[in-house]
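Novice: Below: one structure in structure tokens.
Protein chains: 4
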Amino acid sequence: MAVRHTDRVSTNAADLPADPQATAERVAKAMEHHDEAIRGAGIRLVDVGPGRARTALTVEERHVNGHGIAHGGYLFFLADAAFSFACNSHGVSTVASGGDVAFLRAARLGEELEAEAVERALVGRTGLYDVTVRTGAGEVVAEFRGRSRAVPHLPAPTLD
Amino acid sequence: MAVRHTDRVSTNAADLPADPQATAERVAKAMEHHDEAIRGAGIRLVDVGPGRARTALTVEERHVNGHGIAHGGYLFFLADAAFSFACNSHGVSTVASGGDVAFLRAARLGEELEAEAVERALVGRTGLYDVTVRTGAGEVVAEFRGRSRAVPHLPAPTLD
Amino acid sequence: MAVRHTDRVSTNAADLPADPQATAERVAKAMEHHDEAIRGAGIRLVDVGPGRARTALTVEERHVNGHGIAHGGYLFFLADAAFSFACNSHGVSTVASGGDVAFLRAARLGEELEAEAVERALVGRTGLYDVTVRTGAGEVVAEFRGRSRAVPHLPAPTLD
Amino acid sequence: MAVRHTDRVSTNAADLPADPQATAERVAKAMEHHDEAIRGAGIRLVDVGPGRARTALTVEERHVNGHGIAHGGYLFFLADAAFSFACNSHGVSTVASGGDVAFLRAARLGEELEAEAVERALVGRTGLYDVTVRTGAGEVVAEFRGRSRAVPHLPAPTLD
């Protein structure tokens with residue numbers, strides 16, 4: 001479903017492996033290493049590959065409001081994290097320029113949520129990524145669409 | 161700038177004061193009381209009134225990535241919180257159905273951010289709220305537009 | 321990929337056939353019959369089914385600007401039309417509450433464009449539809465996401 | 481309300497007047513001259529200035545569906561046209577990268593609609609423009625937010 005990128009930006013990732021899957025994994029590992037915010041929010045990287053990623057969150061007391069319902073801020077955060085791993089997976093530094101989220105169902109205390117990001121389009125430096133947030137039972141909680149922009153002059157994240 | 165609501169939904173807030181400002185304050189106090197998630201993320205309510213609200217966040221270590229830049233998830237969270245206080249300020253239970261955020265500048269460790277939400281339109285049960293996130297120096301970091309839907313059959317938050 | 325609707329709204333379409341495909345076709349035929357605007361803009365319905373539709377537009381002189389590039393307004397129009405057929409395909413009157421479009425490539429004079437709408441989520445009365453606009457060569461020109469709301473008390477379109 | 485642009489892109493408009501208002505008017509005149517699509521859809525430019533524009537449309541038979549309600553495609557088109565004049569008003573060639581529209585009320589046959597675009601943010605090459613579509617009676621029909629990107633290497637429109 002994703003658009004093939006006909007005019008890929010030149011990569012800044014001279015040291016990255018040629019294999020797309022290995023590149024995605026190495027970049028994700030470096031991003032995780034540096035990103036206190038995602039880890040601190042309780043978000044885990046589950047899987048990553050070229051143009052895709054999955055993240056997970058167990059809904060804890062700190063994520064809910066007084067009605068025991070996960071706050072929309074954390075649903076966005078979970079989806080945004082998957083988007084971020086996916087849009088950086090090609091080894092070119094890429095930033096989020098924006099995104100839209102639709103909240104469809106409530107997620108409750110104790111539920112295990114997973115966000116799955118797939119690349120919908122990559123044209124020049126512009127990318128679009130669709131992220132679906134589901135409960136463990138497979139019910140859709142939120143749909144997110146992220147907009148990214150490659151910034152090849154920025155260094156890719158490393159493990160240094 | 162906000163649209164006047166010509167066909168207001170019937171309120172579920174029989175016990176709320178008749179004064180719009182007092183209503184906004186009482187609802188916000190009850191929401192704060194019940195919302196662990198906002199407080200836990202480090203977000204503070206600064207001001208609230210009919211159809212508007214301001215929230216603040218000091219960018220701490222836990223909010224940033226390895227480059228010392230606030231994570232987009234927390235920028236969304238801050239804006240979404242202001243939106244939530246603003247769209248509930250009329251005393252009718254209202255939920256976020258979605259929102260769009262544009263990230264315009266990086267916010268750095270130690271910066272004091274403020275999100276200001278204003279009501280742009282309220283037509284029937286549908287509301288639109290514009291939220292601008294600024295640094296202490298007044299630079300715009302993000303622009304958010306939230307979509308809300310009133311659910312008058314839900315009880316309004318109380319301090320019980 | 322579309323979410324199954326667990327809590328379908330009650331249909332207002334007592335006279336519609338029980339077969340989902342036949343329902344989609346009959347509703348589309350009635351919509352086409354009444355909709356001068358779509359036809360007048362040069363947009364044609366190509367195919368319709370339960371939760372999906374395809375529309376087409378040949379880029380003519382009247383659709384382009386001085387550089388021979390199709391105006392974004394017509395790209396939106398084409399996508400919105402596919403969305404409209406798709407979200408009404410279940411036989412329940414449904415209105416567009418909004419949508420987001422990303423313009424990815426220019427479409428030129430003489431090109432044959434097709435918009436393909438698929439249902440992404442249908443939860444209660446709220447629907448999300450993804451529409452991709454492609455050239456005849458399969459290049460993606462625009463990506464649209466439409467938000468719909470069922471209004472079961474409105475009569476479904478008929479051929480009267 | 482609009483963000484001041486601290487890091488304006490270098491202009492490609494060497495021949496444009498130094499006065500911002502005169503620049504906006506000259507660019508708009510050239511855009512109108514070249515744009516068959518806007519004129520053909522029945523959209524008129526009413527007013528333009530630095531970072532802002534107003535367009536108008538009288539809802540005719542060709543703009544409505546069978547219920548006598550203006551098609552969402554034309555509401556988007558009207559808003560998008562105002563956005564386009566506004567984001568090009570500084571004399572730097574600028575393209576629409578996308579936009580979001582919320583449909584709030586129906587507009588009927590014979591109504592005079594006006595779209596007012598204002599610059600909300602301009603940071604580097606990225607712009608955000610808010611467009612409100614109102615009836616002659618001042619009721620809000622739709623709210624649009626356009627996203628633009630300056631492309632200074634493209635020539636500005638001229639009257640040639």
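Residue numbers (this note's numbering), protein chains in the order written: chain X, 1 to 160; chain R, 161 to 320; chain W, 321 to 480; chain C, 481 to 640. We treat Cβ as the ideally placed atom computed from N, Cα and C, and that holds for glycine.
1) Please classify R/E274 as buried or exposed, where buried requires at least 16 other C-beta atoms within 10 Å of its C-beta.
2) Which residue marks the beginning of the beta strand (DSSP E) containing R/S308, and which one marks its end?
3) With DSSP as the reference, label X/R4 as helix, strand or coil.
4) Buried or exposed for X/E119, please, with buried defined as at least 16 other CB atoms from any protein chain shown within 10 angstroms of its CB.
5) Buried or exposed, going by whether 16 or more other CB atoms sit within 10 Å of the CB of W/V451?
6) Report the residue from C/P635, C/Q501 and C/E512 whose alpha carbon sits nearest the alpha carbon of C/S564.
7) What is the residue span of the beta strand (DSSP E) that X/E60 lies within?
8) Looking only at its chain, what residues have a beta carbon closer than 8 Å to the beta carbon of R/N225, apart from the 5 residues adjacent to it on each side?
9) Out of X/G138, X/A121 and X/Y74, which one is the CA nearest neighbour of X/G146?
10) With a cut-off of 8 Å, does the C-beta of W/D400 fall near any C-beta of chain R?
11) On the criterion of 16 or more Cβ atoms from any shown chain inside 10 Å, does W/A342 qualify as buried, or is it exposed?
12) Excluding the five sequence neighbours on either side, which residues of its own chain have a C-beta within less than 6 Å of the C-beta of X/A150, listed in chain order?
13) Looking only at its own chain, which residues have a Cβ that is under 8 Å from the Cβ of C/L555, when we skip the five neighbours before and after it?
14) Classify X/D80: buried if its beta carbon has 16 or more other beta carbons within 10 angstroms, exposed otherwise.
15) Please tell me whether C/D499 has its Cβ less than 8 Å away from any Cβ of chain X.
16) Please list the segments of the alpha helix (DSSP H) lying wholly inside the segment 550–578 of chain C, counting only runs of 4 or more residues, in order along the chain.
17) What are the boundary residues of the alpha helix (DSSP H) that includes X/E111?
18) Taking only the alpha-carbon atoms, compute the straight-line gap between C/P500 and C/D527 and give it to the nearest angstrom.
19) Between the segment 250–268 of chain R and chain C, which residues of the former have a C-beta closer than 7 Å to a C-beta of the latter?
20) How should C/G590 be labelled, buried or exposed, when 16 other C-beta atoms within 10 angstroms of its C-beta is the threshold for buried?
21) Taking the alpha-carbon positions, what's the C/A536 to C/A597 distance?
22) Who are the Cβ neighbours of C/E619 in its own chain at under 8 Å, not counting the five residues just before and after it?
23) Can you tell me whether C/G616 is buried or exposed, with buried defined as 16 or more other CB within 10 angstroms of its CB?
24) Is it buried or exposed for W/L474, if we count other Cβ within 10 angstroms and need 16 for buried?
25) Out of R/L176, R/G287 and R/E221, which one is the CA nearest neighbour of X/H34?
26) Got a sec? Which residues, its chain only, sit under 6 Å from W/G447 by beta carbon, not counting five neighbours each side?
27) With respect to the beta strand (DSSP E) encompassing X/R26, which residues constitute its N-terminal and C-terminal limits?
28) Using beta-carbon positions only, say whether C/L525 and C/A517 come within less than 8 Å of one another.
29) Would you say X/A37 faces chain R, with C-beta separation under 8 Å as the test?
30) So R/F237 contacts chain X; which residues on that side make the cut at Cβ distance below 8 Å?
31) For W/H410, does the count of other Cβ atoms within 10 angstroms reach 16, so buried, or fall short, so exposed?
32) Taking any Cβ of chain R, which residues in the segment 33–65 of chain X have a Cβ under 9 Å from it, in chain order?
33) Count the other CB atoms, across all protein chains shown, that sit within 10 Å of the CB of C/A498; report buried if there are 16 or more and exposed otherwise.
34) Would you verify that the beta carbon of C/R506 is, or is not, closer than 8 Å to some beta carbon of chain R?
35) Between the alpha carbons of W/G362 and W/H383, how many angstroms are there, rounded?
36) Measure the C-alpha to C-alpha separation of C/G520 and W/I389 and round it to an integer number of angstroms.
Specialist: In short, the structure shows the following:
1) buried
2) V300 to A310
3) Only weak support exists for where X/R4 lies, its pLDDT of 39 falling under 50; the value from the coordinates is given anyway. Looking at X/R4 - three-state DSSP - the assignment turns out to be coil, as it is neither helix nor strand.
4) buried
5) buried
6) C/E512
7) Per DSSP, X/E60 belongs to no beta strand (DSSP E) and is neither H nor E.
8) H231
9) X/A121
10) no
11) exposed
12) V9, V92, T94 and R125
13) V581, F583, A587, L593, V613, V621 and A622
14) buried
15) no
16) 552–567
17) No alpha helix (DSSP H) contains X/E111, which DSSP labels as neither H nor E.
18) 14 Å
19) D260, A262, L264 and R265
20) exposed
21) 12 Å
22) R585
23) exposed
24) exposed
25) R/E221
26) C407 and S468
27) Not the beta strand (DSSP E): X/R26 falls in the alpha helix (DSSP H), residues P20 to H34.
28) no
29) yes
30) H71, G73, Y74, F76 and F77
31) buried
32) H33, H34, D35, E36, A37, I38, G40, A41, I43, E61, R62, H63, V64 and N65
33) exposed
34) no
35) 9 Å
36) 15 Å
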